[in-house]
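Position one of the sequence shown corresponds to residue -15 (the working numbering), numbered consecutively onward. All residues carry an ideal CB built from backbone N, CA and C; glycine is no exception. Nothing here was measured: the structure is a model prediction, and the numbers come from that model. Everything on this sheet refers to the single structure shown next.
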Amino acid sequence: MTDLTGTWYISPTPFTDDGAVDTDSLRRIVDAAASWGADGITILGVMGEVADLTAAERETVLSTIAAAANNTIPFAVGCSAPAAAVVRANVARAVEQGASAVMVAAPALLKDTDQIAGFYRAAVGDSPVPVIVQDEPAATGVTLPVSALLAALDAAGSTVVKLEDPPTPPKIGRLLAQRPELTVFGGLGGVSAYSELRRGAAGTMTGFAYPEILKAIRVAFAAGDLARAAALNDRFLPYLVFEGQLKVGLGIRKEVLRRRGVLTTARTRALNPLPDPATLAELDDVLARVGLTPSVEPLELA
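See below:
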């Protein structure tokens, strides 16, 4: 069974200039994530713009990643949907393609969180692969108190959480205080990664364009070298914050991945699909300030 800990990289869905899913870039993402030291790759999540993909495009992403990741890197698949039956179908397809785990969030706009256990039981209660319960209120509109999150985990037969309900460190602490054996991933671009580790997080699962940085922080922390972990965090925090901006962050992230030689374009499916000139100038500035020159080669950290 895949070890669901460490630094997992969340893949964007790349597009060509004409807006089609870019399968060549998808294959490069897999190779790059592995070379950058990611412990796994997650697809078809919020960062993957999954809500804006057709069913055929979703299948293209899944099958392309599955073929590229075979014997290269484990992959998890976002299977969230408003209806349990759709989640089950998504899970079945992910398992057929060799997924090591599936990730499922609460159904969008669920008002009565007392129903959360029933949803997860119906959707993934008998999943043949580990289930990552995603706590992501910005995308779902559903805020799960720790009690509801624990109920969802029990119903799913899961011990793994991707926690993205800010501020994340205190909630991670409350969750682990009640159930210390859980594996909790931080997300949200890695902006709070160092603080999340201090509260007991097992690592990060995010699409930050330099997963090597997040891994280096985690490895230093795990080795007991909190000074190095904090120094790395502080050195790159301006860029972490810049890339993690709401609304424009995905376009920035894709632009950096384009500069790293992984994506062909930085296109998203938003109304403004490319970063504007002012944003690109600010990106140049922050990369220079933290000493990053984008390259597909793994970042060497002194």
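Sorting D138, G187 and Q81 by C-alpha distance to the C-alpha of A213 places G187 at the top. With fewer than 16 other CB atoms across the displayed protein chains lying within 10 angstroms of its CB, D268 is exposed. Between the segment 214 to 228 and the segment 189 to 206 there are three or more C-beta pairs closer than 8 Å, enough to call the two in contact. Just so you know, the alpha carbons of E148 and F(-1) end up roughly 26 Å apart.
In the structure shown, Q118 adopts extended strand secondary structure according to DSSP, grouped into three states. If the five residues before and after P259 are omitted, its C-beta is found closer than 8 Å to the C-beta atoms of V232, G235, I236, E239, A250 and L267, all from its own chain and listed in chain order. Pairing Y(-7) with P129 gives a Cβ-Cβ distance that is not under 7 Å. By the Cβ neighbour-count rule, L216 is buried, with 16 or more other Cβ atoms within 10 Å of its own. The Cβ neighbour count for R158, taken over all protein chains shown within 10 Å, is under 16; the residue is labelled exposed. Every alpha helix (DSSP H) stretch that sits fully inside the segment 44 to 131 and reaches 4 residues is listed by chain position as 68 to 80, 100 to 108 and 121 to 124. DSSP places Y194 outside any beta strand (DSSP E), giving it a letter other than H or E.
When the five nearest sequence neighbours on each side are left out, the beta carbons in the same chain lying within less than 6 Å of the beta carbon of S64 are those of V88 and A89, in order along the chain. Annotated three-state conformation of T(-11) is coil, per DSSP. Excluding the 5 residues flanking it on each side, G245 has same chain C-beta neighbours closer than 6 Å at V280, in chain order. The beta carbon of L181 lies closer than 6 Å to those of F205 in the same chain, with the five residues before and after it left out.
Counting only the Cα atoms, S111 lies some 20 Å from E165. When the beta-carbon positions are compared, V86 and A78 come within less than 7 Å of each other.
Its Cα nearest to that of L134, the residue I116 stands out among I116, T124 and V75.
Looking at the DSSP output, G187 shares a beta bridge with G(-10) and F169. It is roughly 7 Å from the alpha-carbon of P(-4) to the alpha-carbon of I27. Residues of the same chain with a CB within less than 8 Å of the CB of P282, apart from the 5 flanking positions on each side, are S19, W20, G21 and E196 in chain order. In the three-state scheme derived from DSSP, where H, G and I count as helix and E and B as strand, L147 is classed as strand.
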